[in-house]
Amino acid sequence: MIYWEIFLAFFIPGILGYGGGPASIPLVENEVVDHYGWMNLNEFSEVLALGNALPGPIATKMAGYIGYQQGGILGGIVGIFATVAPSLILMILLLGFLYKFKDSPKVKRMTTFIRPTIAVLLGVMAFSFFSTSYMDSGLWQSLFLIIISFLLLEKWKVHPALVIVGAMGYGAIFIT
Numbered sequence: 001m002i003y004w005e006i007f008l009a010f011f012i013p014g015i016l017g018y019g020g021g022p023a024s025i026p027l028v029e030n031e032v033v034d035h036y037g038w039m040n041l042n043e044f045s046e047v048l049a050l051g052n053a054l055p056g057p058i059a060t061k062m063a064g065y066i067g068y069q070q071g072g073i074l075g076g077i078v079g080i081f082a083t084v085a086p087s088l089i090l091m092i093l094l095l096g097f098l099y100k101f102k103d104s105p106k107v108k109r110m111t112t113f114i115r116p117t118i119a120v121l122l123g124v125m126a127f128s129f130f131s132t133s134y135m136d137s138g139l140w141q142s143l144f145l146i147i148i149s150f151l152l153l154e155k156w157k158v159h160p161a162l163v164i165v166g167a168m169g170y171g172a173i174f175i176t
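All residue numbers for the sequence shown refer to the UniProt record's numbering, where the first residue is 1 and numbers rise by one.
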């Protein structure tokens, strides 16, 4: 029964919390504190503060912690799954719908318009990363990492994970 309650406590805010993790926090608080009484408001605020201090999505961190606290490892897994399940279900349904109409001229036109938008967003993100890198490490370090990474990825076909680990190692040794 506790696993079903954990599931509902995080699935319902996942459905209703439009806007991601921060938007669903008051809904999670209502379920965890008011509805099920698993913790008081003070404990919930401590979990929220701890979740904000760690990297990654806040909703899944809180679901994992509270689920683990209430139901052990399986409770943590149920909590995390319940948090991502609404998005997962919607994504599967929308992809199924998109796949069903993939030959439609309207869908082809839509994907034609989406691709440049994604390219621009990725370009803006890359520029943001470069400007942050430039400010933190300097021009020569940033250019060196960009050129070496490009050569490793494009010319020598090294796996991206290895390039990332190598860049992290370089940064830990030479840039800190």
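Where a beta carbon is used, it is the ideal one built from N, C-alpha and C, also for glycine.
Inset, instruction - Go to Trp4, then tell me how far its alpha helix (DSSP H) extends in each direction, as first and last residue. - result: What you label residue 4 is simply residue 4 of the sequence shown in a count that begins at 1. Unbroken alpha helix (DSSP H) run through Trp4: Ile2 to Leu16.
Legend entry - Endpoints, the alpha helix (DSSP H) within which Pro26 is located: Mapped onto the sequence shown, residue 26 falls at position 26. Gly21 to Glu29 is the span of the alpha helix (DSSP H), which, as asked, contains Pro26.
Legend entry - Three CB pairs or more closer than 8 Å across the region 51-70 and the region 9-29: Yes, the region 51-70 is in contact with the region 9-29.
Legend entry - Three-pair Cβ contact test at 8 Å for the region 3-23 versus the region 72-89: yes
Inset, instruction - Go ahead and label Ala126 buried or exposed: buried means 16 or more other beta carbons lie within 10 angstroms of its beta carbon, across all protein chains shown. - result: Taking the sequence shown and counting its residues from 1, the one referred to as residue 126 is at position 126. Burial call: exposed.
Legend entry - CB contact check: Asn40 to chain D, cutoff 8 Å: Of the protein chains in the structure, only one exists, and it is not chain D.
Inset, instruction - Assign Tyr170 to one of three DSSP states: helix, strand, or coil. - result: Here residue 170 is taken as the residue at index 170 of the sequence shown, counted from 1. If DSSP states are grouped into helix, strand and coil, Tyr170 belongs with the helices.
Inset, instruction - Would you mind giving the Cβ-Cβ distance between Ile80 and Gly64, rounded to the nearest angstrom? I have them listed as a contact below 8 Å. - result: Residue mapping note: residue 80 aligns to position 80 of the sequence shown, counting from 1. Residue mapping note: residue 64 aligns to position 64 of the sequence shown, counting from 1. That pair is a contact at about 5 Å.
Legend entry - Exposed unless 16 or more other CB atoms sit within 10 angstroms - verdict on Leu145: One-based indexing of the sequence shown puts residue 145 at position 145. It is buried - the Cβ of Leu145 has at least 16 other Cβ atoms within 10 Å.
Inset, instruction - Please report how far the alpha carbon of Gln141 lies from the alpha carbon of Ala53, in whole angstroms. - result: Position 141 of the sequence shown, counted from the start, is the residue given in the question as residue 141. Position 53 of the sequence shown, counted from the start, is the residue given in the question as residue 53. Near 29 Å, if we compare the C-alpha coordinates of Ala53 and Gln141.
Inset, instruction - Assign Pro55 to one of three DSSP states: helix, strand, or coil. - result: By one-based count along the sequence shown, residue 55 stands at place 55. Note: Pro55 maps to coil in three-state DSSP.
Legend entry - C-alpha gap between Val158 and Phe130, whole angstroms: Translated into positions along the sequence shown, residue 158 becomes position 158. Translated into positions along the sequence shown, residue 130 becomes position 130. When rounded, the distance between both Cα atoms is 21 Å.
Legend entry - Delimiting residues of the alpha helix (DSSP H) encompassing Tyr134: Position 134 of the sequence shown, counted from the start, is the residue given in the question as residue 134. Start and end: Pro105 to Ser137.
Legend entry - Ala9 beta carbon less than 8 Å from that of Glu31: What you label residue 31 is simply residue 31 of the sequence shown in a count that begins at 1. What you label residue 9 is simply residue 9 of the sequence shown in a count that begins at 1. It is a contact, given that the beta carbons lie within the stated cut-off.
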